[in-house]
Amino acid sequence: MLRIVVCVSGGGTNLQAIMDAIDEGRITNTEILAVISNNERARALERARSHGIRSLCISPRSYPDRETFNRAFTDRMTELAPDMVVLAGFLVRIPPQMVHAFSNRIVNIHPSLIPSFCGVGYYGLKVHEKALERGVKVTGATVHFVNEGMDEGPIIAQKPVMVEQDDTPESLQRRVMEEAEWVLLPRVIDDIANGRLEIRGDHVYHR
Ligand code: GAR
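Sequential numbering from 200 applies to the sequence shown in this note's numbering.
Have a look at this one:
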């Protein structure tokens, strides 16, 4: 059984997709131990609670500096001892000590085809604003392992989404979620839970 902790910051639609996929048997062998948010007003926390899943809030704002937060967050995660951490719209940088403690055991979903529109400053709606500004015709979503860089770890899976001429950042965000994110993230979790992925160096292969 793959025991996971899901980290969230906002709406929690990706969390919802994971919970639904577990309920419907599209993700097997997996249990959500807890949901962690940095924002106590996140809708995602309500979604977790109404699903009977333990939910916790840990915010950098409650700590005097980033290093103290990093230590507290890593300690909390170590206590929970998940097999894997899933970043589902989590907008806080993962502490380096947590990356090391959970090497190749933290996955993130990003709403673009990495290496486009990623890195510092590219999160949420901003990613889609930049994609539309650049005039790309195809965008999508990426699930990757987290390393110390920002959106730089080994890519696990990607799914393209066509940009439409009259797209707004909001309409594009919604389609990327519906057509890519909510499909891709549950599929990757199921692949990991059932031993279908293999990491060799910086590359991820399907067995
Ligand atoms: C999602 O689009 C996710 O890909 C993005 O935030 C949104 C969260 O939505 N993540 C990032 O931009 C990370 N760099 P949700 O809370 O409804 O799942």
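We treat Cβ as the ideally placed atom computed from N, Cα and C, and that holds for glycine.
**Prompt:** Which value, in whole angstroms, describes the spacing of the CA atoms of Ser236 and Arg406?
**Reply:** Straight-line Cα distance between these residues: approximately 33 Å.
**Request:** Could you work out which residue in Lys358, Asp389 and Leu324 is closest to Asp366 when comparing CA atoms only?
**Result:** Ranking Lys358, Asp389 and Leu324 by Cα distance to Asp366 puts Leu324 first.
**Prompt:** What separation, rounded to the nearest whole angstrom, lies between the Cα atoms of Ser261 and Phe268?
**Reply:** Cα to Cα, Ser261 sits roughly 8 Å from Phe268.
**Message:** With a threshold of 7 Å (Cβ to nearest heavy atom), would His309 be considered close to the ligand GAR?
**Reply:** Checking the Cβ of His309 against the ligand GAR gives yes.
**Asked** Measuring from the CB of Asn346, is there a heavy atom of the ligand GAR at a distance below 7 Å?
**Response** No; taking the cut-off as 7 Å, the Cβ of Asn346 has no heavy atom of the ligand GAR nearer than that.
**Prompt:** So, is His402 buried or exposed, given that buried needs 16 or more other C-beta atoms within 10 angstroms?
**Reply:** His402 should be labelled exposed.
**Prompt:** Would you report the Cα separation of Lys358 and Leu384, rounded to the nearest angstrom?
**Reply:** Rounded to the nearest whole angstrom, the C-alpha separation of Lys358 and Leu384 is 10 Å.
**Message:** Measuring CB atoms only, is the segment 299-307 touching the segment 218-236, in the sense that at least three cross pairs come out at less than 8 Å?
**Reply:** With the cut-off at 8 Å, the segment 299-307 and the segment 218-236 do not touch.
**Asked** Quick one: does the C-beta of Met376 sit closer than 7 Å to a heavy atom of the ligand GAR?
**Response** Distance from the C-beta of Met376 to the nearest heavy atom of the ligand GAR is below 7 Å.
**Item:** Residue of Ala340, Ser315 and Thr341 minimising C-alpha distance to Lys329
**Value:** The closest CA to that of Lys329, considering only Ala340, Ser315 and Thr341, is found on Ser315.
**Request:** Go through its chain and collect everything with a Cβ distance to Cys317's Cβ below 7 Å, but skip five positions before and after it.
**Result:** The answer, listed in chain order, is His309, Ser311 and Asp350.
**Item:** Alpha-carbon spacing of Arg399 relative to Ile355, whole angstroms
**Value:** Each residue's Cα considered, the two are about 12 Å apart.
**Request:** Use the C-beta contact count for Gln372: other C-beta atoms within 10 angstroms, 16 or more gives buried, fewer gives exposed.
**Result:** By the beta-carbon neighbour count (other beta carbons within 10 angstroms, threshold 16), Gln372 is buried.
**Inter-residue spacing [alpha-carbon to alpha-carbon] between Pro295 and Glu347** = Spanning the two alpha carbons is a distance of roughly 6 Å.
**Asked** Leaving out five residues before and five after Val285 in sequence, what residues of the same chain have Cβ atoms less than 6 Å from its Cβ?
**Response** Same-chain partners within the cutoff: Ile203, Val205 and Val306.
**Request:** Under 8 Å by Cβ, that's how I've got Lys336 and Met376 pegged, so tell me the actual separation to the nearest angstrom.
**Result:** Their Cβ separation, rounded to whole angstroms, is 19 Å, which puts Lys336 and Met376 out of contact at 8 Å.
**Prompt:** Helix or strand or just coil, what does DSSP make of Gln372?
**Reply:** Under the three-state reduction of DSSP, Gln372 is assigned to helix.
**Request:** Using the Cα positions of Ile217 and Leu201, report the straight-line distance between them to the nearest angstrom.
**Result:** Their Cα atoms are separated by approximately 13 Å.
**Asked** Ends of the beta strand (DSSP E) at Lys358?
**Response** Ile354 to Met361 is the extent of the beta strand (DSSP E) around Lys358.
**Request:** Measuring alpha carbon to alpha carbon, tell me which of His299, Ile252 and Pro368 ends up nearest Phe344.
**Result:** The shortest C-alpha separation from Phe344 is found at His299.
**heavy atom of the ligand GAR below 7 Å from Leu312 C-beta** = Outside the cutoff, so no.
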